[in-house]
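With the UniProt record's numbering as the guide, the letters of the sequence shown map in order to residues 1 to 373.
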Amino acid sequence: NVKVVVSDGEFSVDHSWILTVNPNSPPAIDSYSPLADPTITEEQTQIFTVATSDPDGHTLTTMWYLNGTLVATGASYTFVANYTSSGFYNVKVTVSDGELFVNHTWILTVTNVNRAPDIVSYSPTQNPTITEEQSQLFSVVASDPDKDSITIRWYLNNSLITTGGSYTFIANYTSAGWYNVKVVVSDGELSAEHSWILTVTNVNRYPIIDSCSPSTNPMITEEETQVFTVSASDPDYDQLTISWYLNESLVTTGDSYTFVADYNSAGWYEVKVVVSDGELSVNHIWILSVADVNRVPIVISITANPTTVNTGGTATITVDASDEDTGDVLTYVYSCTGGTISGTGNTVTWTAPNTAGDYTITVYVNDGMVNSN
Numbered sequence: 001n002v003k004v005v006v007s008d009g010e011f012s013v014d015h016s017w018i019l020t021v022n023p024n025s026p027p028a029i030d031s032y033s034p035l036a037d038p039t040i041t042e043e044q045t046q047i048f049t050v051a052t053s054d055p056d057g058h059t060l061t062t063m064w065y066l067n068g069t070l071v072a073t074g075a076s077y078t079f080v081a082n083y084t085s086s087g088f089y090n091v092k093v094t095v096s097d098g099e100l101f102v103n104h105t106w107i108l109t110v111t112n113v114n115r116a117p118d119i120v121s122y123s124p125t126q127n128p129t130i131t132e133e134q135s136q137l138f139s140v141v142a143s144d145p146d147k148d149s150i151t152i153r154w155y156l157n158n159s160l161i162t163t164g165g166s167y168t169f170i171a172n173y174t175s176a177g178w179y180n181v182k183v184v185v186s187d188g189e190l191s192a193e194h195s196w197i198l199t200v201t202n203v204n205r206y207p208i209i210d211s212c213s214p215s216t217n218p219m220i221t222e223e224e225t226q227v228f229t230v231s232a233s234d235p236d237y238d239q240l241t242i243s244w245y246l247n248e249s250l251v252t253t254g255d256s257y258t259f260v261a262d263y264n265s266a267g268w269y270e271v272k273v274v275v276s277d278g279e280l281s282v283n284h285i286w287i288l289s290v291a292d293v294n295r296v297p298i299v300i301s302i303t304a305n306p307t308t309v310n311t312g313g314t315a316t317i318t319v320d321a322s323d324e325d326t327g328d329v330l331t332y333v334y335s336c337t338g339g340t341i342s343g344t345g346n347t348v349t350w351t352a353p354n355t356a357g358d359y360t361i362t363v364y365v366n367d368g369m370v371n372s373n
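Here it is, written out as C-alpha cells:
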C-alpha cells in the first residue's frame with residue numbers, strides 16, 4: 001500500500017495505491033542426460049547435457065563441476081577417460097540467473113580397462129643360427145602399463161621350459177634342426193609374445209676307432225702272415241670308409257687287412273688304417289717287422305771233365321749251386337776219397353793219386369749259416 005498525503009498545515013488530502021511486486025523465480029532444468037548415473041570404461045567418453053529455462057526470462061549461466069572443480073560452461077560437458085581414470089567422479093551442473101540457481105549431480109563410474117603387457121626389447125633381434133655344442137641366450141625386457149605384476153614364460157616348440165627374463169638354449173651333438181622359441185609375457189589376464197626360429201646346424205664329429213688288433217707293433221718272419229683289424233663307429237651315424245695303406249700305398253678297404261710275407265719281405269713296413277666319414281678321418285699306424293728267414297742253398301750239379309784220367313793226371317771239377325736268398329755269398333767245400341783238390345769256388349782241379357781206381361769227389365755249399373745238400 002503506497003499512500004501520498006498533501007497538507008497545508010491544517011488540512012490534508014491523500015491518495016493510495018496497491019503496488020504488487022513480482023518475486024524472482026529460480027531457473028529450471030527442464031531435462032538432463034544421462035538420466036541415471038553413468039558407467040563407462042577407461043578410454044571411453046561420457047557426454048552430459050542439460051536443457052534449461054528461466055520463468056522470468058533471465059539470461060542463464062550453465063557451469064559444470066568435476067569433483068567440485070569448475071571444468072566447463074555451456075549446455076554440455078564431455079568427460080574423456082584415459083587409462084588412469086578408473087574410479088568415481090562427482091559431476092555437477094549448476095544453472096544460475098545471477099541470483100538464484102539450480103543444479104543436478106551425477107556419480108560417474110569409470111571402470112578399469114586392463115592393458116596387455118609390453119615387450120620393450122628382446123634379444124637377439126633376428127632369428128639366430130648356431131652350431132651344435134654352442135649355446136644361444138634369449139632375453140626380454142617387459143613392462144605393464146597398468147603396473148600389474150607380470151610373468152614371463154619361455155616355450156620351446158610349444159613346451160614350457162622355464163620362466164624369468166632370459167632363457168639359454170644349449171645345443172649338443174644331436175641338436176641339429178629348427179626350433180621355435182617363444183616368450184610369453186602375461187599380467188594374468190592379457191599377454192604379449194615374441195617368437196624366434198632358432199637354427200642349429202650340424203657339426204660333423206670325427207669317427208672313432210673303438211678297437212684295433214694287434215694292440216702292439218707286430219713282428220713276423222718271412223713266409224708268415226699278419227692280420228690287422230679295426231672296429232670303428234661314427235657318433236653322427238655317418239657311413240664310414242675304412243682304407244688300408246702299406247707304406248702310404250692303398251692296398252685294400254674294409255674291416256681288415258692281411259699282410260702276406262714271402263722270402264723277399266724282410267724289413268720294416270708302415271701299416272696304416274684310415275677311417276673316414278667322407279669329411280673327417282682318424283687313423284692308426286703299426287710298424288710291422290718282418291724278420292729274414294734263411295733258406296738252404298742248393299747244389300744243382302757237379303761234373304768232372306774228364307771223368308777218366310791217368311794216375312797223376314788232372315780233371316776240372318765244376319759245380320752248379322744256387323741260393324734263393326739274394327745277396328748270400330756261397331762258400332764251396334770239397335772232399336774226395338783220393339787225390340787232391342786245388343783251387344776255390346765253383347771250379348777246382350782234382351789231381352789223381354798214383355794208384356789207379358775209382359774215386360768220389362763230394363761238394364757242399366754254405367751261405368754263412370747253413371750247408372746245402
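Glycine included, C-beta positions come from ideal geometry on N, C-alpha and C. Since we're looking at a predicted model, the values are computed, not measured.
With 16 other Cβ atoms within 10 Å as the buried cut-off, status of residue i
i, result
"I242", "buried"
"I287", "exposed"
"D8", "exposed"
"D320", "exposed"
"Q46", "buried"
"V275", "buried"
"S265", "buried"
"I298", "exposed"
"S195", "exposed"
"residue 398", "Any question about residue 398 goes unanswered here, given that the chain covers just 1 to 373."
"Y167", "buried"
"F48", "buried"
"F228", "buried"
"D37", "exposed"
"Y77", "buried"
"Q126", "exposed"
"D97", "buried"
"W244", "buried"
"F11", "exposed"
"Q136", "buried"
"Y173", "exposed"
"W64", "buried"
"S159", "exposed"
"Y237", "exposed"
"V5", "exposed"
Nearest residue (CA-CA) to residue i, options the options
i, options, result
"T84", "G267, L198, N158, E42", "E42"
"N67", "G345, W106, A356", "W106"
"G368", "A356, D323, T344", "D323"
"V140", "V273, V183, T355", "V183"
"S342", "A142, D328, G313", "G313"
"residue 390", "G87, S121, T360, N373", "There is no way to answer for residue 390, as the model of the chain reaches only from 1 to 373."
"A28", "V5, D56, D144", "D56"
"T311", "S289, T229, G357", "G357"
"R153", "I285, T162, S121", "T162"
"R295", "T340, Q239, N371", "N371"
"S123", "A176, P117, V181", "V181"
"S301", "T362, V110, D30, Y173", "T362"
"N283", "S289, V293, K272", "K272"
"S335", "L240, D118, Y364", "Y364"
"D325", "V293, P353, T347", "V293"
"D144", "T253, P128, I119, V102", "I119"
"K147", "V309, G188, S233, L35", "G188"
"P34", "V93, V13, L19", "V93"
Rounded Cβ spacing between residue i and residue j (contact assumed at less than 8 Å)
i, j, result
"T349", "T316", "6 Å"
"L108", "F79", "6 Å"
"S186", "I209", "Not a contact, Cβ separation roughly 53 Å."
"M269", "N247", "The amino acid occupying residue 269 in the given sequence is Tyr; Met does not appear at that position. Contact flag correct, Cβ pair sits at about 6 Å."
"L100", "P26", "4 Å"
"V95", "V50", "7 Å"
"T61", "T73", "7 Å"
"S231", "S256", "Not a contact, Cβ separation roughly 10 Å."
"Y155", "H104", "With a Cβ gap of about 55 Å, Y155 and H104 do not count as contacting."
"T337", "T360", "5 Å"
"T351", "T340", "5 Å"
"F259", "T225", "6 Å"
"A192", "P117", "5 Å"
Counterpart residues of residue i in DSSP-defined beta bridges
i, result
"D320", "S301"
"M63", "T73, T94"
"Q46", "F79"
"M369", "The partner list for M369 (beta bridge, DSSP) is empty, contrary to what the question assumes."
"Q134", "Answer by DSSP bridge pairing: none, since Q134 is not bridged."
"Y167", "F138"
"N180", "I197"
"E270", "I287"
"A116", "According to DSSP, which records beta bridges pairwise, A116 is partnered with nothing at all."
"V110", "I40, G87"
"S256", "T229"
The ligand HEM heavy atom lying under 6 Å from the CB of residue i
i, result
"T129", "Because no ligand of any kind appears in the structure shown, any question about the ligand HEM cannot be addressed here."
Do the stretch 198 to 211 and the stretch 131 to 145 touch if we need at least three Cβ pairs shorter than 8 Å? Judged by Cβ distances under 8 Å, the stretch 198 to 211 makes contact with the stretch 131 to 145, as three or more pairs qualify.
Do the stretch 183 to 202 and the stretch 211 to 219 touch if we need at least three Cβ pairs shorter than 8 Å? Taking 8 Å as the limit for Cβ pairs, the verdict is that the stretch 211 to 219 does not touch the stretch 183 to 202.
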